[in-house]
Amino acid sequence: MSRRTGQRGSVFQKNQPTWNSSAPAYGRFWIDTPGDRKRRTVALGVCRTRSLARQKLRDYIEENGVNDNALFTSNTTPATTFGEQAEKWIASLPTRRRKPVKPATIHGWRHAFDKWILPVLGEMPLAQLSNAALKLLIDTMANGGLAPKTIVSYSLVVKMVVASAVDDEGEQIYPRKWNHDFVGMPIVRKDKQPRPTVTEAELTTILANASARYAPLFALLAVTGLRIGEALALKRSDLSPDCRLLHVKRSVWHGQVQEPKTPAAVRVIDLPETLAAVLRGYAEGRPDFLFSTLTTNRPLAQRNVLRALHDAGVRVGFHAFRRFRAQVLRRARVPEDLIGLWLGHARRTITDLYAAGLQHDFAWRCEWAERTGLGFSLVGLPWATNVVPIDSRQAA
């Protein structure tokens, strides 16, 4: 491509032996296609002189990027379908140097491809995938009843696949300017998104009906706001000897231990004495994982834990416990710095960075943990031994 100096084309008039200032003029130039070059003819209208016609053709060639390197690369790249590029892209995600993607995220995107995206766009040449194709996909997903947030997320995956096709210089082969109005991209209203949580009464029902094998896990989720993968990856060594400190170091997905979701997820959580007393009895004698299978000492499977949760009488997801804990912390007026630390949220402002040293103030953290309490009561539950009968709401 470095040897290509570009073209200016040629002009002519039909059935005119000499230039006719009142006859229409036409321009010819070459366009590159995969494996070949084709002649393109365009109408220039009436041009008084040949020089004016040549200038008009040069302007057309410039405006349409006929001599552009990116267009040449796009037009001469061997035809690749969207489905083929999607496979290359998704295979590169877990091993790329910058921001490798977690297996759980890849699993979700794979489902989006198989269920919605590939049936509509899979066989389409990547060069032809533009706003009209994205509009077709969005209409299909909307007619299928998908929520606006899901449609926006799946559309973003399509954009990332198209952008992943690059040349030897790292430039996009098929750069696109997406028109959200034309494609009908829905607007996500955060106040309309469902965010199910549990109430104190529902949590009491869960802890009363769940077996002694699962109930301590549900109580820990409600008091710490742990993600389910983080909770299932906990080991006895992650607890301090008095069980007042909980170190989050890893996560589990489909039985495989991995790094936590984000750097902020590696954290320390302070536990009130009420729960620490339960954990001391529960963790005693456990060799490795706190919540493990009976025979292999491997982490419990999420689907089995979810089944046990629904069998306890309340059909919610694990993230409902995390929202419950956030509400308890807000009601207790816990400082935002401490809420972010315990829940594993990233620092967002310069002030957050300046105040990062507060996480090392153990006495301050412990005081707030006791003041906040559980947000519910463990008294009277047969599996909760050594519980001190304190009303956490009064303590808060």
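The sequence shown begins at 864 in my numbering and counts up one residue at a time.
All C-beta atoms in this analysis are idealised placements derived from N, C-alpha and C, irrespective of residue type, glycine included.
Burial check for Q1056: the Cβ neighbour count within 10 Å stays below 16, so the residue is exposed. As summarised for the segment 1079-1127, the continuous alpha helix (DSSP H) elements at least 4 residues long and confined to that stretch are 1091-1095, given in chain order. Your pair V1191 and T1235 checks out as a contact, with CB atoms roughly 7 angstroms apart and the cut at 8 angstroms. In this model, Q1035 and P963 are separated by some 20 angstroms (Cα to Cα). Per DSSP, reduced to three states, the secondary structure at K901 is strand. D977: not part of any alpha helix (DSSP H); DSSP gives it neither H nor E. If you keep only unbroken alpha helix (DSSP H) runs of at least 4 residues inside the segment 993-1055, you get 994-1006, 1011-1026, 1043-1046.
The alpha-carbon of I1001 is positioned some 37 angstroms away from that of L1095. In its chain, beyond the 5 residues on either side, no residue has a beta carbon closer than 8 angstroms to the beta carbon of G1033. Excluding five sequence positions before and after Y923, the CB atoms of its chain that fall closer than 7 angstroms to its own CB belong to G890, V905, given in chain order. Out of E1147, G1207, D1044, the CA that lies nearest to the CA of D1105 is found in E1147. Judged by DSSP in its simplified three-state form, L907 adopts strand. Rounded to whole angstroms, the Cβ separation of F1181 and I1091 is 4 angstroms, and the two are in contact under 8 angstroms. Under the DSSP definition of a beta bridge, R1186 lacks any partner.
An exposed status is given to D977, since fewer than 16 other beta-carbon atoms sit within 10 Å of its beta-carbon. Going by DSSP, D1151 is part of no alpha helix (DSSP H) at all; its letter is neither H nor E. In the structure shown, the three-state DSSP call for G946 is helix.
A Cβ-Cβ distance of about 15 angstroms is found for the pair T912 and S873, leaving them out of contact under the 8 angstroms criterion. For F1225, the enclosing alpha helix (DSSP H) stretches over residues 1225-1235.
Contact between I1069 and G1176 holds, with the beta-carbon distance rounding to 7 angstroms and staying under 8 angstroms.
The three-state secondary structure of P887, taken from DSSP, is strand. By the neighbour-count criterion, in which 16 or more other beta carbons inside 10 Å mark a residue as buried, Q948 falls on the buried side. Distance check between N1006 and each of G1047, L992, E1199 places G1047 closest, using alpha-carbon atoms only. The Cβ-Cβ distance between L981 and I969 does not fall below 8 angstroms.
Counting only residues of its own chain and dropping the five nearest sequence neighbours on each side, E1065 has a CB closer than 6 angstroms to the CB of V1177.
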